[in-house]
Amino acid sequence: MKRQMTGAKMIVQALKDQGVDTIFGYPGGAVLPIYDEIFQQNDIRHILVRHEQGAVHAAEGYARSTGKPGVVLVTSGPGATNAVTGLTDALLDSIPLVVLTGQVPTFMIGTDGFQEADTVGITRPCTKHNWLVKETDKLAETIHQAFHVATEGRPGPTLVDIPKDVQFAKGTYTEPKTANVANYQPSMKGDVEAITAMVELLETAERPIFYTGGGVINSGPAASQLLCEWADAANVPVTSTLMGLGAYPASGKNWIGMLGMHGLYEANMAMHDCDVMINIGARFDDRITGRLDAFSPKSTKVHIDIDASSINKVIHVNVPIIGDVGHVLEDALKIWKARGRKTNAEALSKWHAQIDEWRARRCLSYINSDKIIKPQYALQRLEALTKKYDRYITTEVGQHQMWAAQFLGFEAPNRWMTSGGLGTMGYGFPASIGVQVAHPDALVINVAGEASWLMNMQEMGTAAQYRLPVKQFILNNERLGMVRQWQELLHGERYSHSWSESLPDFVKLAEAFGAKGILCTDPADLDDAIMEMIEYDGPVIFDCLVEKHENCFPMIPSGKAHNDMIMGEADTSDAIGDTGAVLV
Amino acid sequence: MSALKIKKGSSSHSAYDLRDPNADVVESHTLACVVDNEAGVLARVIGLFSGRGYNIESLTVAEVNHEFHRSRITIVTSGTPQVIEQIKAQLGRIVPVHRVHDLTVEGASVERELALFKVAATGEQRVESLRLADIFRANVVDSTLNSFIFEMTGTSEKIDAFADLMRPLGLVETARTGVAALGRGPEK
Ligand SMILES: Cc1cc2nc3c(=O)[nH]c(=O)nc-3n(C[C@H](O)[C@H](O)[C@H](O)COP(=O)(O)OP(=O)(O)OC[C@H]3O[C@@H](n4cnc5c(N)ncnc54)[C@H](O)[C@@H]3O)c2cc1C
Ligand SMILES: Cc1ncc(C[n+]2csc(CCOP(=O)(O)OP(=O)(O)O)c2C)c(N)n1
Numbered sequence: 001m002k003r004q005m006t007g008a009k010m011i012v013q014a015l016k017d018q019g020v021d022t023i024f025g026y027p028g029g030a031v032l033p034i035y036d037e038i039f040q041q042n043d044i045r046h047i048l049v050r051h052e053q054g055a056v057h058a059a060e061g062y063a064r065s066t067g068k069p070g071v072v073l074v075t076s077g078p079g080a081t082n083a084v085t086g087l088t089d090a091l092l093d094s095i096p097l098v099v100l101t102g103q104v105p106t107f108m109i110g111t112d113g114f115q116e117a118d119t120v121g122i123t124r125p126c127t128k129h130n131w132l133v134k135e136t137d138k139l140a141e142t143i144h145q146a147f148h149v150a151t152e153g154r155p156g157p158t159l160v161d162i163p164k165d166v167q168f169a170k171g172t173y174t175e176p177k178t179a180n181v182a183n184y185q186p187s188m189k190g191d192v193e194a195i196t197a198m199v200e201l202l203e204t205a206e207r208p209i210f211y212t213g214g215g216v217i218n219s220g221p222a223a224s225q226l227l228c229e230w231a232d233a234a235n236v237p238v239t240s241t242l243m244g245l246g247a248y249p250a251s252g253k254n255w256i257g258m259l260g261m262h263g264l265y266e267a268n269m270a271m272h273d274c275d276v277m278i279n280i281g282a283r284f285d286d287r288i289t290g291r292l293d294a295f296s297p298k299s300t301k302v303h304i305d306i307d308a309s310s311i312n313k314v315i316h317v318n319v320p321i322i323g324d325v326g327h328v329l330e331d332a333l334k335i336w337k338a339r340g341r342k343t344n345a346e347a348l349s350k351w352h353a354q355i356d357e358w359r360a361r362r363c364l365s366y367i368n369s370d371k372i373i374k375p376q377y378a379l380q381r382l383e384a385l386t387k388k389y390d391r392y393i394t395t396e397v398g399q400h401q402m403w404a405a406q407f408l409g410f411e412a413p414n415r416w417m418t419s420g421g422l423g424t425m426g427y428g429f430p431a432s433i434g435v436q437v438a439h440p441d442a443l444v445i446n447v448a449g450e451a452s453w454l455m456n457m458q459e460m461g462t463a464a465q466y467r468l469p470v471k472q473f474i475l476n477n478e479r480l481g482m483v484r485q486w487q488e489l490l491h492g493e494r495y496s497h498s499w500s501e502s503l504p505d506f507v508k509l510a511e512a513f514g515a516k517g518i519l520c521t522d523p524a525d526l527d528d529a530i531m532e533m534i535e536y537d538g539p540v541i542f543d544c545l546v547e548k549h550e551n552c553f554p555m556i557p558s559g560k561a562h563n564d565m566i567m568g569e570a571d572t573s574d575a576i577g578d579t580g581a582v583l584v
Numbered sequence: 001m002s003a004l005k006i007k008k009g010s011s012s013h014s015a016y017d018l019r020d021p022n023a024d025v026v027e028s029h030t031l032a033c034v035v036d037n038e039a040g041v042l043a044r045v046i047g048l049f050s051g052r053g054y055n056i057e058s059l060t061v062a063e064v065n066h067e068f069h070r071s072r073i074t075i076v077t078s079g080t081p082q083v084i085e086q087i088k089a090q091l092g093r094i095v096p097v098h099r100v101h102d103l104t105v106e107g108a109s110v111e112r113e114l115a116l117f118k119v120a121a122t123g124e125q126r127v128e129s130l131r132l133a134d135i136f137r138a139n140v141v142d143s144t145l146n147s148f149i150f151e152m153t154g155t156s157e158k159i160d161a162f163a164d165l166m167r168p169l170g171l172v173e174t175a176r177t178g179v180a181a182l183g184r185g186p187e188k
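As given, the protein sequences belong to chains A and B, one line each in that order. For what it's worth, full-length UniProt numbering labels the leading residue of the first sequence as 1, then goes sequentially. For what it's worth, full-length UniProt numbering labels the leading residue of the second sequence as 1, then goes sequentially.
Spelled out as structure tokens, the structure:
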């Protein structure tokens, strides 16, 4: 039976049919008909943010922690432009989102109408795909397509721009199953010959490594399980990018820690010296590769990625496998088992011994203090005291983000939400809100720097309004710490504009929003303060005053190779050459 | 042809690509993309080239299948083998792009361009321009007492050569369509 309804009703119907339970949004003139429909139903919960950027990051947090697409609704013009940073963030980190924007009526497009912006033009390069819908009859189908494109293949943000007259007009509703999505069908299965080539390489490898990334998380929990099964059965060391943390458990016997610019010494050395590198859903980002011509020079490289454009983009690989991580690993395991579960056991035990030697350098060592809280210590205590909870961590961007990646352990996928590709300060707080909305009973902590946190602090209103007990764990060094670190290492300690002046009193700020504020300045008080934060049933701002000049190590300076890491304070002079200084 | 002398058309080299990724030999390739003729599709394709810093040497676009609203975008671009592979992969992931053909490696192809030349000349030069047009099989599509417009189709090289000859004879304006190309043989 064909159903006639207004565009606005269609939107809500389409969202319901897509299984959406929550949307993050902010109203305005061009979306009022949609808000009117939202008012008249109870199936979809609308979370009113305080800024559209917050809505998009919250949807990202929701999406990354559930595996479902995040949904955003904002108005035309400034509503849409405020969403741009979030869209770009989601594009770089492959997060599935569907963003609905209002637009001026079709007959006013192009007239510089009130709150008109060329939303589709502005967001074309920062969405996976976008649409301007000019007929109500096409609206439902387009929304279904937007969900399909956002979630299939390499996930990413999509946007549907909906003029106000299209929302008012009546049209025919299209069910999800009759929507035409045939045009976009990325293939999931990898080429069997290439998979067999990978298995063969692994069977004889002397120094193999699994270099895993966000693609394992994107592929779903089954992919993480297959990864663990294969790594443990074949005794292969596993490292991961920032985006892939949790896919292989931090307590797993083959875990060697995060790699990259601020990765662990043992992980980077193993990447540099391996003979077979199997990249599973990672994209050879420049934070990983360092100097390209010195990147793992002796290894044969395999790359599993669902996006053909990720392959040979920066690093030339010997065996490309285009497909979904879960599907490819399933086939690989079958083939490996059928061929007799072969490994090069003798060489492998030597390889593990070598890695243990590297590990013995204890690259995360730092000089602790009983007078001032070291940020690393704060995170170690946070880890110890929160590990047993049903815990989700988000972060802002900077030193604290790297320390969180180094000092917190993740046992399962979808528990770690961070802005990796774009590095968006202001991501973590709204993301924590999105996570908490999706997991109301979980312990959700945003590990923040004070500067990043201020960028979207208006979302305190959202946390308070919906009684979301998000914990804002601010490592307050009164510095734009990561910038300060680079200025110290690269710009002759000239600290140009890299300190946080005129900071608010975070305890009073929390109280002003009806939340709880905790100030901690003494290492001796830290455990009690953290417990107080955990036990408080409501949003908390935890102002943890830490050492102001701590640097984050280890560090591969820009333009250097993996085996050229700076390990600690003593190591830093003249570490970065002139060519490195131009890189970011 | 690339530095490692991999024969053109010999490989779809998805599995084992032996070329030196750092080879800086710049090749020119003709790519044909079959796309949905929907609003903004050309902007997506062009935006990809400008956003990622790729070259466009020539671009033609028109709807070629009215029933299914399919357009064919023919792009002549240049880059190292690695860049060309990236361009194809990036084009391939644009949602309304159905197929990307690299006519330069997919065997022999026919490439043609149409050009119009306005030549203002009198006396001996006017006669000479007509004579050359005849040799190049260019047609006169407009004439006044002191000018001609010649129309010519051919490869881009042929059109370049004709333009070079016309310049001293009084070439005042040129319009070119850019390359349209199809692979030879019965296959799609
Ligand atoms: C201050 C700062 C410092 C940083 N330092 C580091 C660092 O030291 N170490 C580090 O690792 N990162 C670091 N990063 C993050 C870094 O910038 C990148 O975001 C990150 O390394 C990319 O992770 P990834 O390779 O896993 O790719 P992602 O961005 O997660 O991309 C996933 C890849 O998997 C593919 N994929 C997606 N879905 C699937 C699927 N289903 N099947 C198969 N493939 C799929 C995609 O096509 C893509 O190629 C830092 C970021 C910041 C802000
Ligand atoms: C929106 C945005 N602006 C600027 C930057 C550049 N940047 C990266 S880290 C950083 C400092 C972050 O300071 P803070 O949040 O206090 O964290 P810390 O490094 O001190 O832990 C800056 C300015 C960025 N990543 N994002």
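Backbone N, C-alpha and C fix where the C-beta goes; we use that ideal spot for every residue, glycine too.
Kindly list, in the order they appear in chain A, the residues whose Cβ is closer than 7 Å to that of B/E85. N312
Within the continuous beta strand (DSSP E) that includes A/N82, where are the two ends? Element bounds for A/N82: not the beta strand (DSSP E) but the alpha helix (DSSP H), 78-82.
Counting only the same chain and skipping the five closest in sequence on each side, list residues whose C-beta sits under 7 Å from that of B/S12. For B/S12, the predicted structure reports a pLDDT of 34, less than 50, and the residue's modelled location is therefore unreliable. The matter cannot be settled from this model.
Could you tell me whether the Cβ of B/V105 comes closer than 8 Å to any Cβ of chain A? no
Over what stretch of residues does the alpha helix (DSSP H) that includes B/P168 continue unbroken? 156-170
Whole angstroms are fine: how far does the CA of A/L132 sit from the CA of A/N368? Within the model, the alpha-carbon separation for A/N368 versus A/L132 is close to 56 Å.
Span separating the alpha-carbon of A/D564 from that of A/D275: 19 Å
Which residues in the same chain have their Cβ closer than 6 Å to the Cβ of A/I315, if we skip the five residues on either side of it in sequence? F284
Does the separation of the CB atoms of A/G556 and A/N268 fall below 8 Å? Note on identity: in this sequence residue 556 of chain A is Ile, with Gly being the wrong assignment. Cβ distance < 8 Å, so A/I556 and A/N268 count as in contact.
Heavy atom of ligand 2 within 7 Å of A/S496 beta-carbon: no
As assigned by DSSP and simplified to three states, the class of A/I372: coil
Neighbour list for A/A182 in chain B, Cβ cutoff strictly below 7 Å: Under the 7 Å cutoff, chain B gives no residues; its nearest Cβ is about 11 Å from A/A182.
According to DSSP, simplified to helix, strand and coil, what is B/S78? strand
Alpha carbon of B/A163 to alpha carbon of B/F49, nearest angstrom: 28 Å
Helix, strand or coil: which one does DSSP assign to A/E229? In this structure, DSSP gives A/E229 a helical state, which the three-state scheme calls helix.
Quick check: does the Cβ of A/I288 come within less than 7 Å of any heavy atom belonging to ligand 1? yes
Taking the Cβ atom as the reference point for each residue, do A/S187 and A/G326 lie within a distance shorter than 8 Å? no
Could you give the DSSP three-state label for B/G107: helix, strand or coil? coil
Which word fits A/N180, buried or exposed, when buried means at least 16 other C-beta atoms lie within 10 angstroms of its C-beta? exposed
If you check the beta carbons only, do A/G434 and A/G70 fall under 8 Å apart? yes
Neighbouring residues, chain A, relative to B/G92 (Cβ below 9 Å): A308, S309
Taking buried to mean at least 16 other C-beta atoms within 10 Å of its own C-beta, is A/D537 buried or exposed? Under this definition A/D537 is an exposed residue.
Below 8 Å on the Cβ atoms is my guess for A/A463 versus A/A515; work out the distance and round it to an integer in Å. 7 Å
What does a CB cutoff of less than 7 Å around A/R291 pick up in its chain, not counting 5 residues either side in sequence? G559, K560, A561
If you measure from the CB of A/G86, is any heavy atom of ligand 2 nearer than 7 Å? no
In the DSSP assignment, find the unbroken alpha helix (DSSP H) run with residue 616 of chain A in it and report its ends. Outside the shown range of chain A (1 to 584) lies residue 616 of chain A, about which nothing can therefore be said.
Whether or not the segment 233-240 of chain A and the segment 431-449 of chain A are in contact is what I'm after, with contact meaning three or more pairs of Cβ atoms, one per stretch, closer than 8 Å; do they touch? no
Taking the C-alpha atoms as reference points, what is the distance between B/K88 and A/K350? 43 Å
Going straight from the alpha carbon of A/L422 to that of A/L242, what length do you get? 13 Å
Does chain B have any CB closer than 8 Å to the CB of A/H129? yes
Heavy atom of ligand 2 within 7 Å of A/N477 beta-carbon: Yes; taking the cut-off as 7 Å, the Cβ of A/N477 has a heavy atom of ligand 2 nearer than that.
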